[in-house]
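Protein chains in written order, with our numbering: chain P, 32 to 488; chain G, 32 to 488.
2 protein chains.
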Amino acid sequence: MTLEKILDRIDADLDHTVDRLFDLLRIPSISTDPAYKTDCDRAADWLVNDLKTLGFDASKRPTPGHPMVVAHGGDGGPHLLFYGHYDVQPVDPLNLWHRDPFDPALEDTANGKVIRARGASDDKGQLMTFIEALRAWKAETGTLPCRITIFLEGEEESGSPSLIPFLQENKDELKADIALICDTGMFNRDTPAITTMLRGLCGEELTITGPNKDLHSGMFGGPAANPIRVLTRILAGLHDDNGRVTLPGFYDGVEELTDALKKQWEGLGFDADGFLGGVGLSTPAGEKGYTALEQIWSRPTCEFNGITGGYTGEGFKTVLPSIASAKVSFRLVGTQDPHAIRKAFRAYVESMLPPDCSVSFKEHGAGPASVMSLDHPAFEQARGALSDEWPNAAAFVGAGGSIPVAGYFKTYLDMDAMLIGFANGDDQIHSPNEKYDLRSFHKGIRSWARILAAVNG
Amino acid sequence: MTLEKILDRIDADLDHTVDRLFDLLRIPSISTDPAYKTDCDRAADWLVNDLKTLGFDASKRPTPGHPMVVAHGGDGGPHLLFYGHYDVQPVDPLNLWHRDPFDPALEDTANGKVIRARGASDDKGQLMTFIEALRAWKAETGTLPCRITIFLEGEEESGSPSLIPFLQENKDELKADIALICDTGMFNRDTPAITTMLRGLCGEELTITGPNKDLHSGMFGGPAANPIRVLTRILAGLHDDNGRVTLPGFYDGVEELTDALKKQWEGLGFDADGFLGGVGLSTPAGEKGYTALEQIWSRPTCEFNGITGGYTGEGFKTVLPSIASAKVSFRLVGTQDPHAIRKAFRAYVESMLPPDCSVSFKEHGAGPASVMSLDHPAFEQARGALSDEWPNAAAFVGAGGSIPVAGYFKTYLDMDAMLIGFANGDDQIHSPNEKYDLRSFHKGIRSWARILAAVNG
Chain P
32 MTLEKILDRI DADLDHTVDR LFDLLRIPSI STDPAYKTDC DRAADWLVND LKTLGFDASK
92 RPTPGHPMVV AHGGDGGPHL LFYGHYDVQP VDPLNLWHRD PFDPALEDTA NGKVIRARGA
152 SDDKGQLMTF IEALRAWKAE TGTLPCRITI FLEGEEESGS PSLIPFLQEN KDELKADIAL
212 ICDTGMFNRD TPAITTMLRG LCGEELTITG PNKDLHSGMF GGPAANPIRV LTRILAGLHD
272 DNGRVTLPGF YDGVEELTDA LKKQWEGLGF DADGFLGGVG LSTPAGEKGY TALEQIWSRP
332 TCEFNGITGG YTGEGFKTVL PSIASAKVSF RLVGTQDPHA IRKAFRAYVE SMLPPDCSVS
392 FKEHGAGPAS VMSLDHPAFE QARGALSDEW PNAAAFVGAG GSIPVAGYFK TYLDMDAMLI
452 GFANGDDQIH SPNEKYDLRS FHKGIRSWAR ILAAVNG
Chain G
32 MTLEKILDRI DADLDHTVDR LFDLLRIPSI STDPAYKTDC DRAADWLVND LKTLGFDASK
92 RPTPGHPMVV AHGGDGGPHL LFYGHYDVQP VDPLNLWHRD PFDPALEDTA NGKVIRARGA
152 SDDKGQLMTF IEALRAWKAE TGTLPCRITI FLEGEEESGS PSLIPFLQEN KDELKADIAL
212 ICDTGMFNRD TPAITTMLRG LCGEELTITG PNKDLHSGMF GGPAANPIRV LTRILAGLHD
272 DNGRVTLPGF YDGVEELTDA LKKQWEGLGF DADGFLGGVG LSTPAGEKGY TALEQIWSRP
332 TCEFNGITGG YTGEGFKTVL PSIASAKVSF RLVGTQDPHA IRKAFRAYVE SMLPPDCSVS
392 FKEHGAGPAS VMSLDHPAFE QARGALSDEW PNAAAFVGAG GSIPVAGYFK TYLDMDAMLI
452 GFANGDDQIH SPNEKYDLRS FHKGIRSWAR ILAAVNG
């Protein structure tokens, strides 16, 4: 049977597969920092060249930001669009990494071998599971399994500013029967997952200016407005004592879970103690009255992702700073409107400004939450294929992260998306020492081979 | 008359005087940053050598931190102890400087020539006014005017950790009839001042730890405690809506102004609009019900001097940080006890910690406020001498800054201190582009010559 041969080939070729991933991981494609612009470009080139070796008609497509990679190959069967992103998060604080984040290595751990590098999991390792499955398929059969479009983005970690215009301008080229997105996780180590609910995101940066220069707190302390004090007062007012966000209209479009869904999630046996305990915590800190899983999958948040102002070096400086700033993000659910929330946030901040203080805002992305319809037969076909590969049957789950592209595919290309990924909760994505289990990578490749076989009947 | 000749000599020698100050300003003696330890040492050596050329028995005296400079010279008359500090503030943000902060230069401005460099005013330029007055005196008369001890510190800008032990261990050597401290300002450009009330300082750094590593806000946002959120809530709770500090017992020892003092201060004609307008402000932001001058000279504060947490670089990162920290300082008046306030602050912070969060504290200096007794005849003698030099008569004033050494001289050496300095409000001490008016430097040297003549009858 062909599938068995393909799976055997995947097993036999694993070392080379890892070597190819390492080549990609060595490119520091940090999209949010302009200093890495040429590296993002190099990562796109690497992928174009690799896809060409599989017979794809692959090209790098310019945008005002980092380029897209688009590749077309195969024919017949369902038309699948595969999406991943080749850009990665920044690596600071660098001193907390055990090794150079862009010098990947296999490391032995209590849970088996892991691939250690920035992007190992998010999303280079994940996107390569699909490409490697195609490579094995092509090598074994001489062709790709069906008509496939590969679409790889380089701005996912920096708010995807070019994504919507690109989808609009290339709608006919990109529209397929269904999208496959590999940027999510397993439910647990033995239970694969298809993610059908994703939170959206609205990112904001605000900078408060008080005096027109840094001042001495002895000479001016008292009468001079202190922008750090103003900023902390603004941020502290965004949550009430129950952890609810105080912005007017913030909960418009947020629905309570149905009893049925609540029961299904309880049935998954989520280990909240283990989840929180793994990062040194014990008590769900979100909205009162919701379990940790409900807080992640079904409740919106307002989080502070960065804050800075005044003297932050060694020792002490009795300065009253001229400016202070913070990065704030909202995770969204249901039909919450990121633009309305941004507007409410800005109005609130402006209402809190004392005399002599001003504020400027910077927008960092906006994407609504996604809730998949499960009508397409591929959902059940993929669930079966995943259940064949892994110890436990696959689950339909929610996710706390934002993968706005799934919503954009629906909005701009009228296309459903299946979110299937093999990350684990301890992958430390966005943190120092990111890793991807070698098992995730290996069985991820095998999973895609099975899914491709299943959707092609 | 000898004084006239000394003043003429000061005028004639001004260029060389400036050259010597430039040599000292070129040494980047930033005491708070360990990277500049050898530079602090070099500044002390420079001063020892310079004082030796004036016939002082001068030496560098080791401490656990940066060294003290102690010099003895002259005899007869009153025994004067002169205090200054040779260390300077950090220079960040460096990009806001118009020139290298350690490459001093004379610049023409609308208010005349200024000496531009870190430390030009605070305190290298100020301490050199006294030393240059002695140099002219010695050159003209062949001797120093009376018995003089020079005592220069290298840790004033980093909380003076070695000062109290040094005063205790060298009490007999340092005790004089009266101390002269040159680290304060003019009341305005034409009105010299003797500062008789100084605010104290209590500095604290707090670091909040939540999760044991940085987390992805998609995966953990909601259930994971966010230390920035905890920190902003803590800081925002330190002031009430009237700008009063909320710590229990904070106002113990704070007295309301007497009507007489209030009236005297009103008579000074302080230009609050000009003072605030000069830094882009218009409304006193401190405690409601007090004028700007009262807020600076007579009211305590709680200020936030620095804050940092999470991602603060370009762009956006959806991180939930593991830690967030802030530098907080209290300006103290009357008999407020810095140690009691530190204790109350720490108790408050701990009372505000949610589950899973911990805090660590770092102490950055503690000094009570100083209120001088004016019994020593030198106060009136110096007031007369200053009034002879400057367009307007000298005033007894308060000051918002902390010069804890004045209080320590009283406590540990039972010695009054006269605080006389020539800084102007626009000197930008502790800020980028610090300067000292050439006029302050020149007339400051002349002022000390006059004061030395006056106190020696």
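Cβ coordinates follow ideal geometry from the N, Cα and C atoms, glycine included.
Note that the coordinates shown come from a computational prediction; the quantities given were computed from them, not determined experimentally.
Leaving out the 5 sequence neighbours to the left and right, which residues in its chain are closer than 7 Å to residue i when beta-carbon positions are compared?
i	result
Asp468 of chain P	Asn142, Gly143, Val145, Asn455
Asp44 of chain P	Ala167
Leu198 of chain P	Leu205, Tyr439, Tyr443, Leu444
Phe410 of chain P	Ile225, Met449
Thr94 of chain G	Ser193, Phe197
What residues match up with residue i in a beta bridge as DSSP calls it?
i	result
Ser401 of chain P	P:Leu229
Lys393 of chain G	G:Glu236
Thr140 of chain P	P:Gly143
Met449 of chain P	P:Leu211
Ala89 of chain G	G:Ala102
Arg362 of chain G	G:Leu232, G:Thr332
Tyr114 of chain G	G:Phe182, G:Ile212
Leu246 of chain P	P:Leu351
Could you name the residues of the same chain whose beta carbon sits closer than 8 Å to that of residue i, not counting the 5 residues immediately before and after it, in chain order?
i	result
Cys177 of chain G	Gly105, Asp106, Gly107, Gly108, Pro109, His110, Leu111, Leu483, Val486, Asn487
Met446 of chain P	Leu112, Lys206, Ala207, Asp208, Ile209, Ala210, Phe440
Ala303 of chain G	Pro315, Thr322, Ala323, Leu324
Pro98 of chain G	Cys71, Asp72, Ala75, Lys91, Arg92, Gly185
Contact criterion: CB-CB distance below 8 Å. Does residue i meet it with respect to chain B?
i	result
Lys155 of chain G	No chain B appears in the structure shown, which is made up of the protein chains P and G.
Check residue i in the structure and name its three-state DSSP category.
i	result
Asn219 of chain P	strand
Ile265 of chain P	helix
Asn464 of chain G	coil
Cys333 of chain P	strand
Ser382 of chain P	helix
Ser152 of chain G	coil
Ile434 of chain P	coil
Gly488 of chain P	coil
Phe347 of chain G	coil
Gly324 of chain P	In the sequence as presented, Gly is not what sits at residue 324 of chain P; that position holds Leu. Correct three-state label for Leu324 of chain P: helix.
Gly340 of chain G	strand
Gly311 of chain P	coil
Does any heavy atom of the ligand MN sit closer than 7 Å to the C-beta of residue i?
i	result
Pro242 of chain G	The model depicted lacks the ligand MN and carries no ligand whatsoever.
For residue i, collect the residues of the same chain with a Cβ closer than 6 Å to its Cβ; drop the 5 residues on either side in sequence, then sort them by chain order.
i	result
Ala102 of chain P	Leu82, Phe87, Ala89, Ile181
Ile354 of chain P	Thr238, Thr240, Pro258
Asn273 of chain P	Lys319
Glu163 of chain G	Thr48, Ile476
Ala424 of chain G	Ser418
Gln120 of chain P	Glu188, His461
Glu138 of chain P	Val145, Arg147
Since residue i and residue j should fall inside the 8 Å C-beta cutoff, what is the C-beta to C-beta distance between them, to a whole number of angstroms?
i	j	result
Asp42 of chain P	Ile58 of chain P	No, Asp42 of chain P and Ile58 of chain P are not in contact; Cβ-Cβ is about 27 Å, not under 8 Å.
Gly340 of chain P	Ser356 of chain P	7 Å
Leu384 of chain P	Phe251 of chain P	No, Leu384 of chain P and Phe251 of chain P are not in contact; Cβ-Cβ is about 19 Å, not under 8 Å.
Glu236 of chain G	Ser62 of chain G	Rounded, the Cβ-Cβ distance is 16 Å, inconsistent with contact.
Leu183 of chain P	His116 of chain P	6 Å
Leu405 of chain P	Thr140 of chain P	Contact doesn't hold; Cβ gap of about 36 Å is too wide.
Pro463 of chain G	Pro124 of chain G	7 Å
Output, in sequence order along the chain, the residues in the region 245–256 of chain P whose CB is closer than 9 Å to any CB in chain G. Asp245, Leu246, His247, Ser248, Gly249, Met250, Phe251, Gly252, Gly253, Pro254, Ala255, Ala256
Along the region 320–341 of chain P, where does the CB come closer than 7 Å to a CB of chain G? Name the residues. Ala323, Gln326, Ile327, Arg330, Thr332, Glu334, Phe335, Asn336, Gly337, Ile338, Thr339, Gly340, Gly341
Using Cβ-Cβ distances below 9 Å, what residues of the region 355–377 of chain P are close to chain G? Ala355, Ser356, Ala357, Lys358, Ser360, Arg362
Scan the region 386–401 of chain G for residues whose Cβ lies nearer than 8 Å to a Cβ of chain P and list them as they occur along the chain. Pro386, Asp387, His395, Gly396
Could you list the residues in the region 457–480 of chain G with a C-beta less than 8 Å from some C-beta on chain P, going in chain order? Gln459, Ile460, His461, Ser462, Pro463
Which residues, in chain order, does the region 290–302 of chain P contribute to contact with chain G at a C-beta distance below 9 Å? none
Below 8 Å between beta carbons is the criterion; list the residues of the region 257–276 of chain G that meet it against any residue of chain P, in chain order. Asn257, Ile259, Arg260, Leu262, Thr263, Arg264, Leu266, Ala267, Gly268, His270
Beta carbons nearer than 8 Å to chain P: which residues of the region 225–241 of chain G have them? Arg230, Leu232, Gly234, Glu236, Gly241
The region 75–92 of chain G: which residues have C-beta closer than 9 Å to a C-beta of chain P, in chain order? none
Anything in the region 414–436 of chain P with a Cβ closer than 8 Å to a Cβ of chain G? List those residues in chain order, please. Ala430, Gly431, Gly432, Ser433
Taking Cβ-Cβ distances below 7 Å as the criterion, which residues of the region 172–193 of chain P are in contact with chain G? Against chain G - using a Cβ distance shorter than 7 Å - the residues of the region 172–193 of chain P are Ser189, Gly190.
Residues in the region 439–452 of chain P with C-beta within 7 Å of chain G's C-beta atoms, listed in sequence order? none
Residues in the region 344–355 of chain G with C-beta within 9 Å of chain P's C-beta atoms, listed in sequence order? Close to chain P, meaning a Cβ-Cβ distance shorter than 9 Å, are the following residues of the region 344–355 of chain G: Gly344, Glu345, Gly346, Phe347, Lys348, Thr349, Val350, Leu351, Pro352, Ser353, Ala355.
Check each residue of the region 102–125 of chain G: if its Cβ is closer than 9 Å to any Cβ of chain P, include it; give the result in chain order. Gln120, Pro121, Asp123, Pro124
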